[in-house]
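**Q** After the structure tokens below, expect a handful of questions from me.
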Amino acid sequence: MSAQRPTRERIVMREVILPTARTDTISDELVLTVVDEPSALPSVGADRLIWCPASAATGTCSWNLLAAISSAADADSICEHLFTVVVDDAAMFFVPEASLLTANLMLAAARGGRTLGEVIAWVRGGQLAPAAALLESVGEAGAVEDLEAFAASSPGEQAAIWAVVRQVMLPLGAPATLRALGGRPMQGFTLAEPPHVVLFAYSVPHLVEAITIVVDPRSPLAGVANAFRAWLVVTAARSYRPVRVLRSTVGGR
Numbered sequence: 131m132s133a134q135r136p137t138r139e140r141i142v143m144r145e146v147i148l149p150t151a152r153t154d155t156i157s158d159e160l161v162l163t164v165v166d167e168p169s170a171l172p173s174v175g176a177d178r179l180i181w182c183p184a185s186a187a188t189g190t191c192s193w194n195l196l197a198a199i200s201s202a203a204d205a206d207s208i209c210e211h212l213f214t215v216v217v218d219d220a221a222m223f224f225v226p227e228a229s230l231l232t233a234n235l236m237l238a239a240a241r242g243g244r245t246l247g248e249v250i251a252w253v254r255g256g257q258l259a260p261a262a263a264l265l266e267s268v269g270e271a272g273a274v275e276d277l278e279a280f281a282a283s284s285p286g287e288q289a290a291i292w293a294v295v296r297q298v299m300l301p302l303g304a305p306a307t308l309r310a311l312g313g314r315p316m317q318g319f320t321l322a323e324p325p326h327v328v329l330f331a332y333s334v335p336h337l338v339e340a341i342t343i344v345v346d347p348r349s350p351l352a353g354v355a356n357a358f359r360a361w362l363v364v365t366a367a368r369s370y371r372p373v374r375v376l377r378s379t380v381g382g383r
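Next comes the structure, spelled out in structure tokens:
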């Protein structure tokens, strides 16, 4: 497993491949609108959900990020998007290792029934032991080996990698962002705080008609917005549902 995951030599960026459509299973299209700030929001109908990781007042839905992870490949894919916000040359050198470390922490939390808040606490404290124990308990031997290899690297390299992980992950710990990435596992399309709803994989094909993502493309939250958008496209495609993506900015579309 480890050999197929990100390395410094080559970061595998997966493209979204839509399955061949079957005319007997296509449902109405999912309309996905991406805007860069709340003032650019288009007219919002009753059937449209708003996902805004920077503002709980603006958002009307959450995406349960950890519930989207059931394998190392899922965690890797999400982290590839998360780390697109790293643009500094010095930091980018450590992105493959930072992405892999973060993916293993998220995999541990997802498989072990922990929360995103706990992952962020591990990141803040530079803790490997809780994640390693969880991974060991669920039989994720490859991920355990990854953490052991990281722990065996030099203190300087570890510090540099943790710095990049914190650059990406700590902004997700803001209350509004945690709410946008929270949810209640195994409850499907769940009412959390009316009219707030939580999105899981099987709610997208059947219960959602339109979603608006509000995020500044220059903000530290742009990466997680990219991950959410990719997840929506893939989840809809698995049910042979077409997706139409629109962009709306201040001053017009």
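According to the working numbering, the stretch in the sequence shown is residues 131 to 383, in order.
Backbone N, C-alpha and C fix where the C-beta goes; we use that ideal spot for every residue, glycine too.
For alanine 239, which three-state DSSP category applies?
**A** The answer is helix: DSSP assigns alanine 239 an H, G or I state.
**Q** Is the beta carbon of asparagine 234 sitting closer than 7 Å to the one on alanine 271?
**A** no
**Q** Rounded to whole angstroms, what's the CA-CA distance from proline 324 to alanine 186? Just pull it up for me.
**A** Residue placement at proline 324 is flagged as unreliable, the pLDDT there being 43, under the threshold of 50; a coordinate-derived value is accordingly withheld.
**Q** Hey, would you say methionine 222 sits closer than 7 Å to valine 216, going by beta carbons?
**A** yes
**Q** Straight-line CA distance for aspartate 219 to arginine 241?
**A** For aspartate 219 and arginine 241, the distance between alpha carbons rounds to 33 Å.
**Q** Distance, Cα to Cα, alanine 289 vs valine 268?
**A** 28 Å
**Q** Using only alpha-carbon positions, find the residue among Asp346, Glu227, Thr245 and Leu277 that is nearest to proline 183.
**A** Asp346
**Q** For serine 192, list the residues DSSP reports as bridge partners.
**A** Val328
**Q** Which same chain residues end up closer than 6 Å to alanine 198 when comparing Cβ atoms and leaving out the 5 residues on each side of it in sequence?
**A** Trp361
**Q** How would you call isoleucine 156, buried or exposed, if buried means at least 16 neighbouring beta carbons within 10 angstroms?
**A** Note that isoleucine 156 has pLDDT 43, beneath the 50 cutoff, so the model's placement of it is unreliable and the number below is only indicative. Classification for isoleucine 156: exposed.
**Q** DSSP three-state label for serine 201, please.
**A** It is coil, neither helix nor strand.
**Q** Apart from the five residues just before and just after glycine 247, which ones in its own chain have a Cβ nearer than 8 Å to its Cβ?
**A** Gly303 and Leu308
**Q** Is it true that the CB of alanine 228 sits closer than 7 Å to the CB of leucine 264?
**A** no
**Q** Can you give me the Cβ contacts of glutamate 159 inside the same chain, cut-off strictly under 8 Å, excluding the 5 residues immediately before and after it?
**A** Arg371, Pro372, Val373 and Arg374
**Q** Going by other Cβ atoms of all chains shown within 10 Å of its Cβ, with 16 needed for buried, is leucine 376 buried or exposed?
**A** exposed
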